[in-house]
DNA sequence: CTGTTAGCGCCTTCAA
DNA sequence: TTGAAGGCGCTAACAG
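Residue numbers (this note's numbering), protein chains in the order written: chain A, 1 to 338; chain B, 1001 to 1338.
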């Protein structure tokens, strides 16, 4: 592919490359007529600025790198979509990078992005080894952590944006209490995840304040999947069961609960109310209609991009912004008033 | 952000930049010891090649642009994921660009990508104005159309990879016939979409050959959404209804059909069998379990990347590769044997 | 208003 | 085996 350069245009227009450059960047010191003539030739010849060359000088690429754990997961897909939309409003392009758990060589990915001279990086999800990554790369490129609640620990020297997991569960507890539920189960506690620990604490604390009984079912599988939810719920439903509501630690678990209920003839919400956490797209489906807590991907994305932009445009590093966003209750049809 | 350059390293190592360059690109003409010493200093100083500079010379960025209509649509999310995985195997990074229908200025997007000097572009989905785009940009950058069946028309001078929509419906018809269905409905024909026209033709042709009756319900809404499916199916179920199976032109329509059936007490598959088209993630959900035709995003992605790589590495343009991939039947629980 | 010169960071001749 | 010089396409001084 042969590309037309500023030099070609200069030759064709009979002017110097500087003049062409000025025309292109509408600089003030240029004769309007010359400018028009030059621009005409540019259009005619299909000239397109070589951004590589420009970035080489300005050391600004107007590209940010976005690292997602898995774009096929609906929450991250939504996040990606909104990041892109928002970044574009700032004149930025997104370079999207997925990491699969197997070959997850994040170091290589960071090296690549920095070599590519991206202006900043959005690292989403709670990736193992994040701290190490920050220590190694934060000096070389602005980084903002997204949807990673560990980063809210004051010991983490970094900027981050995350939904408030604690407040989310609080919301769920208050909602169930408002519907008259007194005896509920928290299904799917994962001790390996900081986010889940927070969710659990928020729920238990609030339920306690409101005088509700809560029994916790742990999820030992280490994954919040539909099958995990299915298994946990089966055990729950097969034993004598007095609780009136279930708070599932994630929507996928909740879907598993729905399936178990189906199998065992437990009707939701008539016999048991169910509320999830995440508000993944599936939750809105006709046959699902799951009441849940939204992690508000759009708000997280917008805020994350903003924080990153500020970081990019600020001179002094070493000052970090942290945002904890309020989650939102999405009421659908899996909870009923007692 | 101050970056270490090859020059800094040269100074620190007491050699010339050329030598450093040779060490970095493991060129043969260099003393192994010098090389080690230089590389040590590079590591120590956190040197990272400036790919902008390198690309400026090589005029290869090892980046491809991928344009998606909507990353939040499960099919395209899956496509993106696999494109990225596959491109990486070729040593390529992906620059992902979503286009929202509103501001869909594809010309600007193409200009940007070309300015960014991406080595090639994957344009996915059936975007209006594709022909015009090809005419304008194909000379400047290798382009491959993905999941756009219009491009299979021989009048289109371009490379493309697409699932065989005709064969997909054929599969559906044969499957229903095999189960003993003789009288079926094709639900959701959209005359504005070439893909849908093909799906319809494939179904009707095959049904005819097999001696089945097929009645077609058109979808006038112009969108294959859940609500569209819901409305069409309501009308269908409320009138006297003798058919034993429904082929929905897309999975979203099928989800609408499921909801209508639920509402009106029609049980699937006991009273009516249902088969969709797409195999979106939702289709596999516990409470859905929709039998459908897969568009095989992984295969489409892999093939598309391959074709693009060949195009990038070949000298002569003007020769186009087209691939029509075979779809696959995904049997779940919404069809029954008569 | 316009052109000349220099340089961004790197690679590639060509000489030493 | 090493280095010096030139240039990729562009912008930014500084003269004219």
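Backbone N, C-alpha and C define an ideal beta-carbon position, used for all residues, glycine too.
CB contact flag (residue i, residue j, <8 Å)
i, j, result
"residue 1232 (chain B)", "residue 1264 (chain B)", "no"
"residue 128 (chain A)", "residue 311 (chain A)", "no"
"residue 1166 (chain B)", "residue 1210 (chain B)", "no"
"residue 1062 (chain B)", "residue 1098 (chain B)", "no"
"residue 1272 (chain B)", "residue 1229 (chain B)", "no"
"residue 60 (chain A)", "residue 1115 (chain B)", "no"
"residue 288 (chain A)", "residue 75 (chain A)", "no"
"residue 1020 (chain B)", "residue 1066 (chain B)", "no"
"residue 299 (chain A)", "residue 292 (chain A)", "no"
"residue 1152 (chain B)", "residue 1126 (chain B)", "no"
"residue 1121 (chain B)", "residue 1064 (chain B)", "yes"
"residue 1012 (chain B)", "residue 1041 (chain B)", "yes"
"residue 1185 (chain B)", "residue 1225 (chain B)", "no"
"residue 52 (chain A)", "residue 1096 (chain B)", "no"
"residue 251 (chain A)", "residue 290 (chain A)", "yes"
"residue 327 (chain A)", "residue 171 (chain A)", "yes"
"residue 335 (chain A)", "residue 248 (chain A)", "no"
"residue 1345 (chain B)", "residue 1007 (chain B)", "Absent from the model: residue 1345 (chain B). The displayed extent of chain B is 1001 to 1338, so no value can be given."
"residue 1243 (chain B)", "residue 1212 (chain B)", "no"
"residue 1027 (chain B)", "residue 1039 (chain B)", "no"
Pick from the options that is closest to residue i, judged by C-alpha positions
i, options, result
"residue 208 (chain A)", "A:219, A:191, A:173", "A:173"
"residue 1056 (chain B)", "B:1117, B:1229, B:1257", "B:1117"
"residue 201 (chain A)", "A:164, A:175, A:224", "A:164"
"residue 1253 (chain B)", "B:1281, B:1219, B:1039, B:1301", "B:1219"
"residue 1123 (chain B)", "B:1080, B:1213, B:1041", "B:1080"
"residue 325 (chain A)", "A:309, A:334, A:303", "A:303"
"residue 1343 (chain B)", "B:1134, B:1175, B:1246", "In the structure displayed, chain B extends from 1001 to 1338; residue 1343 (chain B) sits before or after that span and is not available."
"residue 278 (chain A)", "A:259, A:147, A:109", "A:147"
"residue 1260 (chain B)", "B:1245, B:1227, B:1251, B:1318", "B:1227"
"residue 168 (chain A)", "A:69, A:37, A:203", "A:203"
"residue 107 (chain A)", "B:1046, B:1332, B:1175", "B:1046"
"residue 1320 (chain B)", "B:1027, B:1016, B:1138", "B:1138"
"residue 145 (chain A)", "A:322, A:78, A:34, A:329", "A:322"
"residue 140 (chain A)", "B:1306, B:1318, B:1314, B:1001", "B:1001"
"residue 206 (chain A)", "A:194, A:223, A:175, A:190", "A:175"
Residues that residue i contacts on chain B, provided the C-beta gap is smaller than 7 Å
i, result
"residue 48 (chain A)", "1111, 1114, 1115"
"residue 1 (chain A)", "1140, 1141"
"residue 282 (chain A)", "1282, 1285"
"residue 226 (chain A)", "1286"
Start and end residues, alpha helix (DSSP H) containing residue i
i, result
"residue 1309 (chain B)", "1297 to 1313"
"residue 1076 (chain B)", "1074 to 1089"
"residue 968 (chain B)", "Only positions 1001 to 1338 of chain B appear in the structure, and residue 968 (chain B) is not among them; the question remains open."
"residue 1189 (chain B)", "That residue, residue 1189 (chain B), is in no alpha helix (DSSP H); its beta strand (DSSP E) goes 1183 to 1189."
"residue 127 (chain A)", "From DSSP, residue 127 (chain A) is part of no alpha helix (DSSP H); its letter is neither H nor E."
"residue 17 (chain A)", "17 to 24"
Unbroken beta strand (DSSP E) run spanning residue i, endpoints
i, result
"residue 44 (chain A)", "From DSSP, residue 44 (chain A) is part of no beta strand (DSSP E) but of the alpha helix (DSSP H) over 32 to 45."
"residue 1213 (chain B)", "1213 to 1218"
"residue 1166 (chain B)", "Run containing residue 1166 (chain B): none in the beta strand (DSSP E); it sits in the alpha helix (DSSP H), 1165 to 1178."
"residue 256 (chain A)", "Here residue 256 (chain A) belongs to no beta strand (DSSP E); instead the alpha helix (DSSP H) covers 251 to 264."
"residue 291 (chain A)", "291 to 294"
"residue 1322 (chain B)", "1322 to 1325"
"residue 1276 (chain B)", "1273 to 1278"
"residue 285 (chain A)", "Unbroken run through residue 285 (chain A): none, as it is neither H nor E."
"residue 1066 (chain B)", "1063 to 1068"
"residue 246 (chain A)", "245 to 248"
"residue 143 (chain A)", "143 to 146"
"residue 222 (chain A)", "Counting along the chain, residue 222 (chain A) falls outside any beta strand (DSSP E), and DSSP gives it neither H nor E."
Cross-chain neighbours of residue i in chain A, by beta carbon under 9 Å
i, result
"residue 1095 (chain B)", "63, 93, 94, 95, 96"
Amino acids of chain B, ordered along the chain, whose beta-carbon sits closer than 8 Å to that of residue i
i, result
"residue 56 (chain A)", "1050, 1052, 1053, 1056"
Under 8 Å by beta carbon: chain A residues contacting residue i
i, result
"residue 1288 (chain B)", "285, 287"
Any non-hydrogen atom of the ligand FMN within 7 Å of residue i CB
i, result
"residue 34 (chain A)", "Absent from the structure shown: the ligand FMN. Ligands present: none."
Interface positions of the region 64 to 94 of chain A facing chain B (Cβ-Cβ less than 8 Å), listed along the chain:
70, 71, 72, 74, 77, 78, 80, 81, 84, 85, 93, 94
If the cut-off is 7 Å on Cβ atoms, which residues from the region 257 to 269 of chain A count as contacting chain B, listed in chain order?
258, 259, 262
May I ask you to list, following chain order, the residues of the region 241 to 255 of chain A that have a beta carbon less than 7 Å from some beta carbon of chain B?
255
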